[in-house]
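In the working numbering, the protein residues as written are 133 to 509.
Just below is one structure, and these are the notes that go with it.
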């Protein structure tokens, strides 16, 4: 019996594979064919049960800027809906004319470059293997021959290509070990002057599909339970830098109950990319770089830290650098991360709920902080 695999483009923009059994070899009797068909039904269920969707879903793309060029790109990924276990050491990336592999791979043929994987959310310590729907990992790429301060990775042997210029568009392909390919389109802003990090507006298609979906569209269509940011505020120390950020959130329209203890954050700003978890998460269950706390602002039924009403509002508090700020009464030891924010800095913040819904926001520090105590971001 011959079999063939056909790729289809699903409604959510994900490539799916359905396996069909073709019977009818010469000399077979009707009973033989019936037996073969029975075996095929046992071995190869049809419809959704036979789909293979082991592709990556890119939920954010950010760039680190140096000398008005993007010298490092970070792609935050998860498993696509219905995908199985994905080992990122088996993933290859085609970036323009360059072939890239995981930095732990010993390649017989020298690749053009390598990428590293940083866990953002990894409850069972499986990194670099995505084996849970809540897993979030960041793929980090160094461009050109300059090592960025944001990268603690020794990039001299792994960087490739050239830094990205203002307005440049690239479309790398991410192919898993099972052959599922995700193409992510990254667009550099038209101006990078004064920026340290930028959002690259990731949009994706899979396995050559014609449907292109932005990060915001995909999370709205596929995952309803996500947060909506209503305000972002920075607290200024000595009129020079922001050392505490408060982000107020509620449920996005159509979302269900959201437990903020299950939320993970990815913070891309001065000092690099940082993975953050709620301050209730046990230290031995996470590899996060820092933590955030939550405080109820409007919570009529006392559900904190669970957002279970459309009117609920909670603050997510982030402490930066190594100094204690007056607005924060939180015990900071072990929870602060990154660097304080200076004038004109841009930060990309990704908030991912336990259900997988991701919200991406960009914070822009005012060009002057002199005389200010609190500023809107």
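Beta carbons: idealized from backbone N, C-alpha and C, even for Gly.
ask   = When you compare only the Cα positions, how much space is there between residue 439 and residue 313?
value = So the two alpha carbons sit approximately 36 angstroms from each other.
* Report buried or exposed for residue 437, applying the criterion of at least 16 other Cβ atoms within 10 angstroms of its Cβ. => buried
Q. For residue 297, does the count of other Cβ atoms within 10 angstroms reach 16, so buried, or fall short, so exposed?
A. exposed
**Report entry** Rounded C-alpha distance that separates residue 201 from residue 301
**Finding:** 13 angstroms
Would you kindly check if the distance between the Cβ of residue 401 and the Cβ of residue 473 is under 8 angstroms?
yes
When the Cα of residue 406 is compared with those of 326, 433, 222 and 450, which residue comes out closest? 450
Give a yes or no on whether the C-beta atoms belonging to residue 497 and residue 327 are separated by under 8 angstroms.
-> no
Which listed residue (309, 271 and 330) has its alpha carbon closest to that of residue 299:
330
Taking its Cβ as the centre, do 16 or more other Cβ atoms sit within 10 Å of residue 482, making it buried, or is it exposed? buried
How far does the beta strand (DSSP E) with residue 272 in it extend, from its first residue to its last? Element bounds for residue 272: 268-274.
Check whether the segment 378-390 and the segment 484-491 touch, using three or more Cβ-Cβ pairs below 8 angstroms as the test. Yes: at least three Cβ pairs fall under 8 angstroms.
Checklist entry - Just to check, is the beta-carbon of residue 409 closer than 7 angstroms to a non-hydrogen atom of the ligand FMN? => result This structure does not include the ligand FMN; it has no bound ligands of any sort.
Check your understanding: How many angstroms separate the CA atom of residue 325 from the CA atom of residue 269?
Key -> 29 angstroms
**Prompt:** Anyone know if the C-beta pair for residue 208 and residue 398 falls short of 8 angstroms?
**Reply:** With respect to the 8 angstroms criterion, residue 208 and residue 398 are classified as neighbours on the basis of their beta carbons.
- Message: Excluding the 5 residues flanking residue 509 on each side, which residues of the same chain have their C-beta closer than 6 angstroms to its C-beta?
- Response: 364, 366 and 495
If you draw a straight line from the C-alpha of residue 383 to the C-alpha of residue 357, how long is it?
8 angstroms
Look at the Cβ atom of residue 233, then the Cβ atom of residue 246, and state whether they are nearer than 8 angstroms. yes
*Report yes if the CB atom of residue 308 is closer than 8 angstroms to the CB atom of residue 187, and no otherwise.*
yes
Check: How would you label residue 443, buried or exposed, when you count the other beta carbons within 10 angstroms and need 16 or more for buried?
Finding: exposed
- Output the distance between the C-alpha atoms of residue 452 and residue 386, rounded to the nearest integer angstrom. C-alpha separation (whole angstroms): 33 angstroms.
_residue 272 and residue 250 - do their beta-carbons sit closer together than 8 angstroms?_
yes
I'd like the list of long-range same chain contacts for residue 427, defined as Cβ closer than 6 angstroms, with 5 residues on each side in sequence excluded.
The answer, listed in chain order, is 447.
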